[in-house]
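Student: Below you'll find the structure I mean.
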Amino acid sequence: MNSLLPWLILLAPLFSAVMITLFTLRWKTLSGSISIAAVVVSFICSWSIFAHSATAAVEFVWIDIAPIFRVPLGLTLDPLSKTMALLVSGVGALIHIYSLGYMRDDQGKSRYFAALSLFMFAMLGIVFANNFVMLFIFWELVGFTSYVLIGHWFFRDAAAGAANKAFITTRIGDFGFMTGILMIWTTTGSVVFAEVAPRMPMFGGHATFVTIVALLIFCGAVGKSAQFPLHVWLPDAMEGPTPVSALIHAATMVAAGVYMLVRVAFIIQASQTALLVVAWIGTITAVMAALIATQQDDIKRILAYSTLSQLGYMVMAVGLASNDAAMFHLFTHAFFKALLFLAAGSVIVMLHHEQNIWRMGGLSRTLPITFVTFLVGALALIGCPPFSGFFSKDAILALAYERNTAIFAVALFTAFLTAFYVIRMLVIVFFGHPRSKSAHESRESPLVMTVPLIVLAVLATLGGFAFFARNFLVLPAQKLEGMMVPALATMVLIAGTGLAIALYRDRTSEPVDVEVLRHKLYFDELYAWLVRWTQELLARASAFVDRWIVDAGAVGGSSRTTWGIGAGLRLIQVGNLQAYAFLFGLGVVALIYFAVIR
Amino acid sequence: MITLGDYLIVSGILFAIGFAGVMLRRNLIVILMSLELMLNAANLSLVAFSRFRVGADGLPDYRAQVFVFFVIAVAAAEVAVGLALLVALYRARQTTDVKDISSLRF
């Protein structure tokens with residue numbers, strides 16, 4: 001039965017954002033309450049639709065130039081989107097509540113909650129979109145709200161720069177995405193997912209064309225999910241408030257890329273080359289980010305690179321043609337990564353906005369709840385049984401083992417590195433002796449922040465088990481290799497953990513120094529050089545054209561020509577009567593000549 | 599015998615003298631007189647043509663002579679207007695020298 005209830009999920013956060021922006025900017029607590037109420041409404045409605053599986057949403061038609069171009073505004077309500085909506089609104093609700101505590105003293109609280117609500121609207125739009133155009137609109141909107149939220153403390157140069165970088169980098173990916181959408185539309189004549197899927201044979205046998213289209217669509221995911229080479233914006237995006245990092249850059253927005261790939265898997269899977277490219281880019285991102293994370297000192301940066309790495313795993317799974325494994329990992333990752341970020345936020349705020357891990361230490365004693373939840377998140381991240389990360393990461397590793405041994409080897413190495421840098425972070429932050437005054441004097445966070453942590457920790461623990469996850473997802477088929485893959489995974493886990501503990505126990509400063517990794521493989525410098533050269537050249541060429549061809553040539557030329565002709569004609573106006581008479585005479589002679597003799 | 603050509607030459611010389619006077623003399627009254635001279639040169643050539651172009655019945659073509667009357671009448675009217683302008687100009691500028699009427703130069 002068609003209903004408007006699914007639309008309520010989308011519109012409640014939008015309504016909240018509009019209300020806050022227009023009316024309640026002055027009353028900060030009220031803004032927060034409106035925002036939280038909206039997201040809770042979304043969550044309840046998501047549950048309701050999830051429970052009643054027969055609902056379909058009313059569809060409106062926006063553009064209708066039949067039969068060429070038809071863009072409806074409709075919502076797809078299949079198990080994938082319903083689960084994703086639950087995830088987004090659920091984790092979103094927890095983070096909204098946490099934000100009340102984290103942003104307690106912030107001047108821009110109303111602005112923050114308005115942007116957060118707008119983000120929820122846009123993200124849910126991506127989840128529910130039933131056609132490419134609607135998806136793209138919400139895609140861009142999510143990018144915009146991410147820009148607003150990263151640059152929340154806009155008076156800080158670093159934050160403003162990071163917001164710009166995020167938006168522009170994802171824009172590059174979106175350009176490819178848009179081109180891909182256009183190519184799909186010209187070939188199949190439609191942009192609606194349900195209509196394009198059966199029309200895939202219209203691509204004919206042109207394998208290269210299909211590969212190009214698939215890779216262009218993948219570009220959107222490369223930008224939004226921060227894959228290599230467009231990964232540079234995510235670590236810098238940590239300039240935003242920590243709840244923002246948790247929600248947008250860990251659990252939901254960056255997962256939007258993976259979600260989109262799963263949604264349009266029929267396009268990517270139409271080309272074997274594209275699948276291979278996707279898988280390798282995911283793998284490269286995973287291992288590269290893990291390597292860089294081993295040398296970072298800012299707790300949020302470590303988590304950011306870890307997000308990059310796990311996203312690489314998800315994209316790898318998509319490339320190995322298993323949407324189920326990718327979505328499973330997305331699901332569990334949302335829980336434990338949001339948990340880790342929120343716990344890190346708790347640490348940061350209780351240490352008066354200290355983010356350098358070498359100035360923390362011994363926090364297991366002073367922040368016990370944060371420590372336990374962080375530990376749960378960390379163990380889930382490294383894939384330690386029985387936490388959720390173990391099941392989902394194991395599924396992906398088994399997949400790689402079956403289908404591509406090279407990728408499996410790299411993925412296993414990445415798992416080793418993951419264990420290494422996560423335990424490194426854990427040991428340095430929570431164990432040992434406090435390394436600074438603020439660490440020494442820290443106290444546990446208030447309830448409004450610890451309760452979401454506990455809820456997420458429970459989810460991170462239970463999320464992997466079949467009895468829980470089976471209700472929401474299609475679990476990847478059980479592997480046939482028996483105990484080989486889990487054994488190998490556990491071995492590298494123990495190896496990484498052991499090495500980290502051995503190296504970092506009871507340290508006061510970094511013992512290992514790998515310059516290249518510390519400088520993030522010099523990507524930022526490379527891109528800055530590239531941009532400077534191309535943009536400089538383009539700017540110089542444009543300046544030349546503007547100054548010499550337009551200004552001097554067209555504008556100056558026309559004005560000077562007119563002036564010259566005028567100056568010439570002016571000479572006739574001598575004011576002398578007899579000169580005029582002479583000219584008359586000349587004219588008469590000419591007339592006679594032309595009339596009589598010619 | 600004096601032929602048509604001789605009259606036309608005289609007429610042309612008179613016209614040239616008149617035109618030269620219009621272009622070269624500075625006094626406005628003299629310019630007006632030269633203008634009259636040009637008109638009369640045209641009259642002369644008209645009469646010459648009338649006298650020498652004899653029609654089928656042995657009589658000259660009188661239409662040209664009628665035209666001469668028109669020209670004389672128009673010349674008179676023109677001189678009247680021209681002199682009136684000159685008087686007005688003298689009252690405004692106290693000069694009849696053409697060099698002093700150059701306000702319209704660029």
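From first to last, the protein sequence lines stand for chains A and B.
If you use our numbering, the first sequence closes out at 598, no skipped numbers anywhere.
If you use our numbering, the second sequence closes out at 704, no skipped numbers anywhere.
Each residue gets a CB set at the ideal place from its N, CA and C atoms; glycine is no exception.
Between residue 109/A and the rest of its own chain, which residues show a CB-CB distance below 7 Å, the 5 nearest in sequence each way excluded?
Tutor: 28, 31, 32 and 103
Student: How close, in whole Å, do the beta carbons of residue 416/A and residue 492/A come, if the pair is a contact with beta carbons under 8 Å?
Tutor: 4 Å
Student: Over the uninterrupted beta strand (DSSP E) stretch that includes residue 73/A, give me the two end residues.
Tutor: 69-73
Student: Between residue 636/B and chain A, is the shortest Cβ-Cβ distance under 8 Å, so that the two count as touching?
Tutor: no
Student: Compile a chain-ordered list of the residues in the stretch 573-589 of chain A whose CB is closer than 8 Å to at least one CB of chain B.
Tutor: 573, 574, 575, 576, 577, 578, 581, 582 and 585
Student: Quick one: is residue 631/B near chain A, going by C-beta distance under 8 Å?
Tutor: Not an interface residue.
Student: According to DSSP, is residue 471/A helix, strand or coil?
Tutor: Looking at residue 471/A - three-state DSSP - the assignment turns out to be coil, as it is neither helix nor strand.
Student: Where do the N-terminal and C-terminal ends of the beta strand (DSSP E) with residue 64/A fall, by residue?
Tutor: 60-65
Student: I'd like the span of the alpha helix (DSSP H) that includes residue 393/A, first residue to last.
Tutor: 388-403
Student: At the 8 Å Cβ level, is residue 702/B part of the contact set with chain A, yes or no?
Tutor: yes
Student: Could you give the DSSP three-state label for residue 321/A: helix, strand or coil?
Tutor: The answer is coil: DSSP assigns residue 321/A none of H, G, I, E or B.
Student: Let me check one thing: in DSSP terms, what residues is residue 3/A bridge-paired to?
Tutor: According to DSSP, residue 3/A bridges with 57/A.
Student: Where DSSP assigns a beta bridge to residue 158/A, which residues make up the other side?
Tutor: In DSSP, residue 158/A forms no bridge with anything.
Student: Quick check on DSSP: helix, strand or coil for residue 255/A?
Tutor: helix
Student: Does residue 685/B have its Cβ less than 8 Å from a Cβ in chain A?
Tutor: Chain A, which has no Cβ nearer than 8 Å to the Cβ of residue 685/B, makes this no.
Student: With 7 Å as the C-beta to C-beta threshold (strictly closer), list the residues of the stretch 642-659 of chain B near chain A in chain order.
Tutor: none
Student: For residue 311/A and residue 285/A, which I take to be in contact (beta-carbon distance under 8 Å), what is that distance rounded to the nearest angstrom?
Tutor: 7 Å
Student: Counting only C-beta atoms, is residue 665/B closer than 8 Å to chain A at any point?
Tutor: Taking Cβ atoms only, chain A never reaches closer than 8 Å to residue 665/B, which makes this a no.
Student: Can you find the residues in the same chain that come closer than 8 Å, C-beta to C-beta, to residue 364/A, ignoring five residues on each side of it along the sequence?
Tutor: If we look at residue 364/A and ignore the five residues flanking it on each side, its Cβ neighbours are 371, 430 and 431.
Student: Of the residues 458/A, 129/A, 186/A and 54/A, which one's Cα is nearest the Cα of residue 259/A?
Tutor: 129/A
Student: With distances taken between CB atoms, is the gap from residue 339/A to residue 456/A smaller than 8 Å?
Tutor: Against a cut-off of 8 Å, the Cβ pair of residue 456/A and residue 339/A comes out as a contact.
Student: I need the boundaries of the alpha helix (DSSP H) containing residue 268/A, first residue and last residue.
Tutor: 265-268
Student: Which residue from 166/A, 132/A and 157/A puts its Cα closest to that of residue 178/A?
Tutor: 132/A
Student: For the candidate residues 249/A, 578/A, 595/A and 424/A, whose alpha-carbon lies nearest to that of residue 696/B?
Tutor: It is 578/A whose Cα lies nearest to the Cα of residue 696/B.
Student: Should residue 535/A go down as buried or exposed, given a rule of 16 or more other Cβ atoms within 10 Å for buried?
Tutor: exposed
Student: Using a Cβ-Cβ cutoff of less than 6 Å, which residues in the same chain neighbour residue 436/A once the five nearest sequence positions on both sides are dropped?
Tutor: 359
Student: In the DSSP assignment, the alpha helix (DSSP H) including residue 219/A goes from what residue to what residue?
Tutor: 207-224
Student: Provide the residue(s) that pair with residue 192/A in DSSP beta bridges, ordered along the chain.
Tutor: 131/A
Student: Have a look at 71/A, 69/A, 79/A and 587/A and flag the residue whose alpha-carbon is nearest the alpha-carbon of residue 55/A.
Tutor: 79/A
Student: Looking at the C-beta of residue 677/B, does it have a partner C-beta in chain A at a distance below 8 Å?
Tutor: With 8 Å as the cut-off, residue 677/B does not count as an interface residue toward chain A.
Student: What's the C-alpha gap between residue 275/A and residue 134/A?
Tutor: Distance between the alpha carbons of residue 275/A and residue 134/A: 25 Å.
Student: Would you report the Cα separation of residue 51/A and residue 123/A, rounded to the nearest angstrom?
Tutor: 21 Å
Student: How would you list, in chain order, the residues of chain A whose beta-carbon sits under 7 Å from the beta-carbon of residue 617/B?
Tutor: 585
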